[in-house]
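Residue numbers (this note's numbering): 159 to 620.
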């Protein structure tokens, strides 16, 4: 099951799509050429594996901004083999954005603080506190985007919607009249005439001049990645169904739906002339698509012999997690209840509600398997039970010592994109583990229980 070993916890594309950054569950972070898969650089000396990663501007920049989970951001000048930490740190970085000239970096913290940094000097030049005066409530920054003029930026924060602000704080912020939904991505067009706003089930175009925002049709469910063509005439965004959609921004028309299989999209970029769209997937695959026809032009898979070292991922058995991919594959391919049970994953992924490091890739891979479909009923029930147990767990002591103190939060974040899947599963089958899973992922338990009893009633009648 080599495809399992390739899954990363984060990926990103350079501006032209020529380079890919890949963050593995074994804490290995590398920059690869998108076409050849050749490793250009490997990050050494950083704290535990980044959760966020963003290339600097330029065709394919030699600098990468990244942030370990709930820690301060760092810069990796990979051509110079130089690591640079941004101090003083906040309570944890939740968003990153580069200015168009690469001179400044925006970081958003989980407590609602936005910082503007001088990149070369690694110096904080401005700070904005989004929390109401006197409040201690966290107002975490969800996403950030620099305007191409370098003087303004857009942000989306919990409970605040989308705002356009001056980088030096000189003018009051402009608030956009958009639905109050969680925002997952903000992207300006290269000319700075409009802002693309991704929300669950919606992709909006917000003009910065005259005109009202308009919704691009056909966007299904939660999306996390968007890109605008160099001429501003096309917008691409991923969807909950695993496809990427391509719209004409001038007419609002959906031009193409690009199906990349069952792989989770991790990054989008148009090539410099805007004729091709490059898509990075969490399993390491990179695909290239024609903007004009929507045809698949090329698919590049990482070398099969360059998989992650699962021995470096902690396991509750104390022997490393090298056996986990095969155990998970046996669970996913089980056809009977006897085959699905007793696979040993429970005692390795978690023990007495304490999670080992192996829980994180299993959480993501398990959610992806449910989205892909084709599982037998016993395998699906066993998998949902395993995911539910992971969602209710926290890090074991050994994992905390290795920098995974927020492992439970990371696992729940990895499964968050599967919430619509879990709701559909509950509507089809009365599975109490699904109720518990949805509760641990922040959903309304009473609503989930009502669906459970309705589904159970229907099953009994059948």
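Using N, Cα and C, we set each Cβ at its ideal position, and we do this for glycine too.
Computed from a predicted model, the values in this text were never measured in an experiment.
- The alpha-carbon separation between residue 199 and residue 604 amounts to approximately 49 Å.
- Proximity to residue 372 across 405, 307, 586, 317 peaks at 405, based on C-alpha coordinates.
- If only uninterrupted beta strand (DSSP E) runs of at least 3 residues are considered, those enclosed by the region 425-469 are 434-439, 444-448, 454-458.
- The residues 306, 390, in chain order, have a CB closer than 8 Å to that of residue 349 in the same chain once the five nearest residues on each side in sequence are set aside.
- Under the Cβ criterion (8 Å, minimum of three pairs), the region 523-537 counts as touching the region 471-491.
- Relative to the Cα of residue 444, the nearest Cα in the group 193, 189, 387, 188 belongs to 193.
- If you check the CB distance, residue 549 and residue 569 come in under 9 Å.
- Residue 598 carries a helical assignment under DSSP once its states are collapsed to helix, strand and coil.
- In this structure residue 345 is buried. Its beta-carbon is surrounded by 16 or more other beta-carbon atoms within 10 angstroms.
- DSSP places residue 544 in the helix class (H, G or I) of the three-state scheme.
- Here residue 611 is exposed. Its C-beta has fewer than 16 other C-beta atoms within 10 Å.
- Between residue 336 and the set 326, 543, 356, the nearest pair of CA atoms involves 356.
- As the crow flies, the alpha-carbon of residue 361 is around 11 Å from that of residue 383.
- Residue 367 holds the alpha-carbon nearest to the alpha-carbon of residue 332 among 341, 339, 367.
- Check the Cα spacing between residue 213 and each of 260, 195, 281, 242: the tightest is with 260.
- Here DSSP, grouped into helix, strand and coil, assigns residue 266 to strand.
- Here residue 271 is bridged, per DSSP, to 287.
- Annotated three-state conformation of residue 406 is strand, per DSSP.
- Judged by DSSP in its simplified three-state form, residue 305 adopts coil rather than helix or strand.
- Here residue 594 has 546 as same chain residues with Cβ atoms under 6 Å from its own Cβ, once five neighbours each way along the sequence are excluded.
- Contiguous beta strand (DSSP E) elements confined to the region 329-391 occur at 343-346, 352-357, 360-365, 372-374, 384-386, taking only those with 3 or more residues.
- Residue 242 is bridged by DSSP to 233.
- Taking the Cα positions, residue 429 is about 26 Å away from residue 313.
- Counting the other CB atoms within 10 Å of its CB gives residue 606 a total of 16 or more, which places it among the buried residues.
- In the assembly as shown, residue 519 is a buried residue. Its beta-carbon has 16 or more other beta-carbons within 10 Å.
- Counting C-beta atoms within 10 angstroms of its own C-beta, residue 283 has fewer than 16 neighbours from the protein chains shown and is therefore classed as exposed.
- DSSP places residue 484 in the uninterrupted alpha helix (DSSP H) bounded by 482-490.
- C-alpha of residue 308 to C-alpha of residue 322: approximately 12 Å in a straight line.
- Within the same chain, 412 come within 6 Å of residue 375 by CB-CB distance, once the 5 residues on both sides are set aside.
- C-alpha of residue 447 to C-alpha of residue 301: approximately 26 Å in a straight line.
- Distances from the CA of residue 285 to each of 270, 277, 278 were compared; the closest alpha carbon is that of 270.
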